[in-house]
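**Q**
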Amino acid sequence: DAGVTQSPTHLIKTRGQQVTLRCSPISGHKSVSWYQQVLGQGPQFIFQYYEKEERGRGNFPDRFSARQFPNYSSELNVNALLLGDSALYLCASTSPTGNYEQYFGPGTRLTVT
Amino acid sequence: SQKIEQNSEALNIQEGKTATLTCNYTNYSPAYLQWYRQDPGRGPVFLLLIRENEKEKRKERLKVTFDTTLKQSLFHITASQPADSATYLCALDRGSTLGRLYFGRGTQLTVWP
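Each protein sequence line maps, in turn, to chains A and B. Residue numbering for the first sequence follows our numbering, starting at -6 and increasing by one per position. Residue numbering for the second sequence follows our numbering, starting at 185 and increasing by one per position.
See below:
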């Protein structure tokens, strides 16, 4: 079975630009979460979607938005990019049964110059 | 807000020894506590989950303990190997919102031959 996939793997943007990151969860998983991981820190929760509805939002500005599609894939959008947005953006899906462990994708490395 | 501390940024041990990593948290007690492994440039990989009503959980060479009185979890790797070298992340889950984890910054473990 394919794991969580994310695209693109790397991205370089300029301050003020907008970016869209994409995630496909494991087949059968309806919950998708997004995390930001700055170098040297643990992942920080941004959003969680379940059945196409936002179920949780972390302490991030309104420049960050997301959505989930009927096939449970998801997009994370960041507007008006700042240098501080440079990070590894991780997507994770959660099994609907079992122990709530999360399955992470390889991440998208975003560099803002 | 929830605060999670992992005992040290780096831990170096000799092959064959037992590595012990510490995770302390403040404020509310989590419903679940999870441990993940992360290799450089990769997404975290789930290792073990322990519930608030469990004291200990084992999986092969891994052992996790959970003390809700001390608000602490210990993560042990016995008979450590160089292949165990990675960053280990502690994550808390309140259980009320599926897919929302609070992570510590991680402990970088190096096992030398």
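Built from N, CA and C at the ideal position, the CB exists for glycine as well. All figures in this text were calculated on a predicted structure; none of them were measured in a lab.
Just confirm the distance between the C-beta atoms of Y265 of chain B and V295 of chain B, as a whole number of angstroms; I'd bet it's less than 8 Å.
**A** The question names Tyr, but residue 265 of chain B is Gln in the sequence shown. Rounded, the Cβ-Cβ distance is 6 Å, consistent with contact.
**Q** Which first and last residues belong to the beta strand (DSSP E) in which I19 of chain A is found?
**A** No beta strand (DSSP E) holds I19 of chain A; DSSP gives it neither H nor E.
**Q** Can you pull out the residues from the region 49 to 73 of chain A whose beta carbon lies closer than 7 Å to at least one beta carbon of chain B?
**A** Answer set for the region 49 to 73 of chain A: G49.
**Q** Return the Cβ separation of S58 of chain A and C16 of chain A in integer angstroms, given the expectation that the two are a contact with Cβ distance under 8 Å.
**A** At roughly 14 Å, the Cβ-Cβ gap does not stay under 8 Å, so S58 of chain A and C16 of chain A are not in contact.
**Q** By DSSP, does D251 of chain B sit in helix, in strand, or in coil?
**A** strand
**Q** Check each residue of the region 0 to 27 of chain A: if its Cβ is closer than 8 Å to any Cβ of chain B, include it; give the result in chain order.
**A** S24, V25, S26
**Q** Whether or not the region 191 to 204 of chain B and the region 45 to 57 of chain A are in contact is what I'm after, with contact meaning three or more pairs of Cβ atoms, one per stretch, closer than 8 Å; do they touch?
**A** Here the region 45 to 57 of chain A makes no contact with the region 191 to 204 of chain B; the two share fewer than three CB pairs at distances below 8 Å.
**Q** At the level of alpha carbons, what is the spacing between R48 of chain A and E236 of chain B?
**A** Roughly 23 Å separates the two Cα atoms.
**Q** Check this for me: beta carbons of E103 of chain A and R8 of chain A, under 8 Å apart or not?
**A** Here the sequence assigns Leu to residue 103 of chain A, which means Glu is not the residue at that position. No.
**Q** Cα-Cα, which of A:L81, A:G51, A:Q41 is closest to T87 of chain A?
**A** A:Q41
**Q** Along chain A, in chain order, which residues have C-beta atoms closer than 8 Å to that of R278 of chain B?
**A** None at all; the shortest Cβ gap to chain A is about 10 Å.
**Q** Under 8 Å, do I234 of chain B and R245 of chain B count as touching if we go by C-beta distance?
**A** No, the pair does not count as a contact, with Cβ atoms beyond the cut-off.
**Q** Using 10 angstroms around the beta-carbon of A275 of chain B, count the other beta-carbons present and answer buried if the total reaches 16, otherwise exposed.
**A** buried
**Q** Locate the beta strand (DSSP E) running through T7 of chain A, then write down its first and last residues.
**A** From DSSP, T7 of chain A is part of no beta strand (DSSP E); its letter is neither H nor E.
**Q** From G(-4) of chain A to G98 of chain A, what distance separates their C-alpha atoms?
**A** 7 Å
**Q** Looking only at DSSP bridge pairs, what is G49 of chain A linked to?
**A** A:Q41
**Q** Roughly how many angstroms separate the alpha carbons of P110 of chain A and Q95 of chain A, rounded to a whole number?
**A** With chain A running from -6 to 106 in the structure shown, residue 110 of chain A is simply not present.
**Q** Kindly indicate if chain A contains any beta-carbon less than 8 Å away from that of Q218 of chain B.
**A** Under the Cβ distance rule, Q218 of chain B counts among the residues neighbouring chain A, one pair being separated by less than 8 Å.
**Q** Can you check DSSP and say which residues form a bridge with S66 of chain A?
**A** Looking at the DSSP assignment, S66 of chain A forms no beta bridge with any residue, so it has no partner.
**Q** Is DSSP giving A267 of chain B helix, strand or coil here?
**A** helix
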